[in-house]
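In this note's numbering, the protein residues as written are 340 to 1602.
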């Protein structure tokens, strides 16, 4: 049976009510017969919405070309309008709703097989276009309210433009409530336009701008201004209702931006109590019963209808005589930069304002009160921006791709979107992995195109199947498609929050949806009556209507999932899988807690870095607002003055990385060969939309850049030898390379002979192109070596850059020190601490090596060192030696390395050959570090204790340890004992032979004083052993004569007068200790020979016993005299200075002559001279007034020599050479001869004599 059977079998009588459009019936019918596209411009109230479908039906009935089974489709922008329009047309045709006239909106379909007129939302028609691209079920399509220019309307207008060209039998009628019909006409190739007047009564416009009290200070921001608008606007509406109530009866229509404003205004009106007034809300989400109340006016009450802009054109509310227009509406705008939809209250256009005013001229003269002034009205845009120009185009692009309509840029939109919005749409689809790099649909995109859902939600559902959480994501996706069912009335906000905690989840608001759903399902299953369920929901501050809508959407999505073959999971899904699926649709809504989060006063405010550099905060109503996890994702980002993330969950960066794999930006740094893994690795930095997910992760770099990885493999593993293998080829190659490297370091020609580029080229030619890791290399090697066993063996000529020019003999591997072979190591790296040659010297040999041996380096470096030394000479002495290379050659031909220091030997050679006398100080200039032997002092285990190029400094640092440990390694040595307090160890030879490490060495037994006892040690130097032994013998004698020294201590304690004189040097205890040490040294051994056996020791003991008293008396007498003279000199120097230079010289002289430890530090022979030296100072001070000039001349000579001595003395490390120490006392005698000749000197002395002596001293080595 065809849809028109009932109509044709029973003639249909079509009548038209008295409406303006009815008067143009003939013109419209004629236009429908002669044109395939008709533009009808009818003002509000003209009747076009209800009458045009009837006229199309009448035109079809009278047409011979009418085809049976076809529908007249009429689209409406809103569900509430579709239902009311369908009901009105059915009533006028005398048919029940769902018969000749049916309607279809989401969740409701009353269309039957015999329906002729189908009223539907524009979204329904778009959805049908996917299954039927030609819309073949329709022969007439009416796009009503086209002036609203919603996204769906604009798409349909463009789609129908192409469809008209494909179908000759299709009629299209476009109706608009504005005068902007010419744009529609041009779009459809100058289609005819019929204009119908709609207003039957005049409307008076009254301007009542809202008066606001200006703040004392400038407003801080737009958000503060919006906060003030609310109460000001409500007060203005109350004033306007009072004004209109005084004019007489009639209903009032108030336009408001949204449901919240409607609730607030309704509450204010109820408290205001306008007499005899009924307050009714009107918005698209009202239930059917609530909608019906609007269209059934009563005579008993005045009605105030509070409506959104749904009442501008879509619905005609009966009985309206007055309109109050605040002049604003809630508009959704998409920010392509921030990727967010902004719901902002904006000023309406002039066209919308005129539509609103026209609503009150339907039944009588009307009055429209505009809550803004006329100047504001005149400055507004004429028409509302099409939604296409302020929306994300992702859904449109996806639908066009699915329908095969081509690129959005070429689609015939009335107002083509900007390239920025188009780009943003493509970016979103790329984010969802719906489009590939070429802009074509991917497998995911094709599936998304079949789902009439927001692309983001559709993407989540597809991912849910892979994660096996379809059941949970279906619930969440449907929740995101409806308005939040949780109510939060301002007057009961705290109570609502307490109830809603039942459904909260501290980690995820999405999981909160699941909790709410499961609770609701349980209540539905156990409900007794619908009323009880509704009461329970209201008790929990949940909207019963929105909960039902959520359930309905879930059912619809569930059916669509089944059609696509997506199966629900049987087991409950976990947190991780659910949120990984959700992430696929919300990659642009991720957030990372910024580093400066702690500095912000409010938790979660502005402390998240979002995609593409935006800053966002968690909405205060979220369960996560206080917790503020590090990583979050949000269902939506809303800009209301600050960017707020709504419906938030805690996520992990690895989930984001997995979901956004196709969008990630990967940066690879530091690619390098890794020996342990035998592969090339790099560090990867992974980011998404500017947010770093992985700051630094080591990855296998081979597959990413095989060419570079192969090169790094060859250079690292094969050339540099960073490869773990025991293969013969590897050992052969490393040995060959090491041999040449060693020679390079010795000859200081790094990179001259060993050419790594040549090695690389050899392996590059032999290794296949696709190898870049150890595993693949070993597999290839096994096959290659089977055919050619030595394919990887290098030859000397393969790696040498030039002919080898180093003689192994010039660069020995070892050096013999005291008969012990020590290793030499070479390195060529200027600036490095080990540059040059390094001698690895065992600690026990530190004092045994001759400085001259170190000074001569190795034969391969000595020529360079000699040449530089000659270049450092003064020009007059260097000139006769030119050409210097010949001099060097001549010297080396006769020199005996190691007998003298290099400079001493070279100076002697020059003096002999050229007669040139070279002073040691004339070897000027600093030699490069590599021309000084680097000595690495090692212990018995080979560990380095210290290293440096100054042997004297090393001996000062470790010489003592070297002496003590010299014999410590002796095999079965009898000369290593400790804690000796008597001579019970036999004879003490001057030297012995012993073995250490299998080598025979010479040691020097010594008695080492350690304070309370002595140790028997084998030392490394005879002079040191002799000195230590004399001290040790003195200690043993003191222990043997303990009674005598105990008495001596008592006697010295009674020398109070001497202690008083000594107070400027130290305490009485210090004086007593110094005296005892000095007496013991002089009385017990003095100038006697060192005893070497027990018998000689016993004789020495008996010889020393009576000397103690004699030495004591002599020492006390000398010290008393010295202290008395010191006091006199000090007093003279403290007087008012008359001769500054001389007195300053003597002050320094006195301090050096008598240091605090002068009693023990001054040798016994010189201690007796101290009084004479002190008297010499007094004599000089006495003579100064009469001999100042003579004194100055003498002082100049003394200071010249003294400065040389002090400079030389400062260079000494360790024991002072005896000759240098003797020179110091000769300087004292020089002072006597110059300033106090009457005191006489023990031997002739003069400045000239000492200067000559000094020249000889300066030529001697310091060690």
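Backbone N, C-alpha and C define an ideal beta-carbon position, used for all residues, glycine too. The structure displayed is predicted, hence computed values, not measured ones.
Do residue j and residue i have their beta-carbon atoms positioned less than 7 Å apart in this structure?
i            : j            : result
residue 706  : residue 522  : no
residue 1413 : residue 1450 : no
residue 928  : residue 973  : yes
residue 732  : residue 761  : yes
residue 353  : residue 393  : yes
residue 594  : residue 704  : no
residue 1247 : residue 1174 : no
residue 515  : residue 395  : no
residue 1499 : residue 1590 : no
residue 1481 : residue 1530 : yes
residue 658  : residue 641  : no
residue 1220 : residue 1301 : no
residue 669  : residue 720  : no
residue 888  : residue 812  : no
residue 962  : residue 776  : no
Note the first and the last residue of the continuous beta strand (DSSP E) segment covering residue i.
i            : result
residue 948  : 947-949
residue 1036 : 1030-1039
residue 412  : 410-415
residue 711  : Neither: residue 711 is in no beta strand (DSSP E) and is coded neither H nor E.
residue 456  : 456-460
residue 1607 : Summary: the structure shown does not reach residue 1607, with the chain confined to residues 340 through 1602, and so no result is reported for it.
residue 1007 : 1004-1013
residue 970  : 970-978
residue 544  : 542-546
Taking the beta carbon of residue i as the centre, do at least 16 other beta carbons fall within 10 Å, making it buried, or is it exposed?
i            : result
residue 1583 : exposed
residue 446  : exposed
residue 1385 : exposed
residue 749  : exposed
residue 956  : buried
residue 1603 : Residue 1603 lies beyond the residue range present for the chain, which begins at 340 and ends at 1602; the question has no answer from this structure.
residue 951  : exposed
residue 556  : Confidence at residue 556 is low in this model, with a pLDDT of 35, below 50, so the placement of that residue is unreliable and no value is reported for it.
residue 356  : exposed
residue 1595 : exposed
residue 1228 : exposed
Ends of the alpha helix (DSSP H) at residue i?
i            : result
residue 900  : 883-903
residue 1138 : 1135-1138
residue 1048 : 1045-1052
residue 1407 : 1407-1419
residue 816  : 809-819
residue 635  : Premise fails: residue 635 is in no alpha helix (DSSP H) and is neither H nor E.
Kindly say whether residue i, judged by its beta-carbon, lies nearer than 7 Å to any beta-carbon of chain D.
i            : result
residue 1514 : No chain D appears in this structure, which consists of one protein chain only.
Between residue i and the ligand SAH, is the CB less than 6 Å from at least one heavy atom?
i            : result
residue 1386 : For the ligand SAH, the structure offers nothing, since it holds no ligand at all.
Exercise. Inspect the CB distances between the segment 713-728 and the segment 756-774 and report whether three or more fall short of 8 Å.
Key: yes
Exercise. Within the segment 432-496, note down every full alpha helix (DSSP H) run reaching 4 residues or more, in order along the chain.
Key: 461-470
Exercise. Please determine if the segment 835-855 and the segment 875-882 are in contact, where contact requires at least 3 C-beta pairs separated by less than 8 Å.
Key: yes
Quiz item: Taking the runs of the alpha helix (DSSP H) that are 4 residues or longer, which of them lie wholly in the segment 1458-1544?
Solution: 1479-1492, 1497-1500, 1503-1506, 1509-1522
Practice problem: Just list the alpha helix (DSSP H) runs in the segment 1284-1351, keeping only unbroken ones of 4 residues or longer that don't cross its boundaries, in chain order. | Solution: 1290-1305
Quiz item: Does the count of Cβ pairs from the segment 367-383 and the segment 503-521 closer than 8 Å reach three?
Solution: yes
Self-check item: Inter-stretch contact at 8 Å, needing at least 3 Cβ pairs: the segment 1151-1158 / the segment 1247-1261
Solution: no
Quiz item: If you pair each beta-carbon of the segment 1178-1187 with each one of the segment 1234-1241, do three or more pairs fall below 8 Å?
Solution: no
Quiz item: Counting Cβ pairs closer than 8 Å, one from the segment 1432-1439 and one from the segment 1317-1333, do we hit at least three?
Solution: yes
Quiz item: Is there contact here, the segment 451-460 with the segment 897-908, by at least three beta-carbon pairs under 8 Å?
Solution: no
Exercise. Decide if the segment 1285-1303 is in contact with the segment 1355-1367; the criterion is three or more beta carbon pairs, one per stretch, under 8 Å apart.
Key: yes
Practice problem: Kindly provide the ranges of any alpha helix (DSSP H) runs that are 4 or more residues long and lie completely inside the segment 347-404, ordered along the chain. | Solution: 364-373, 387-400
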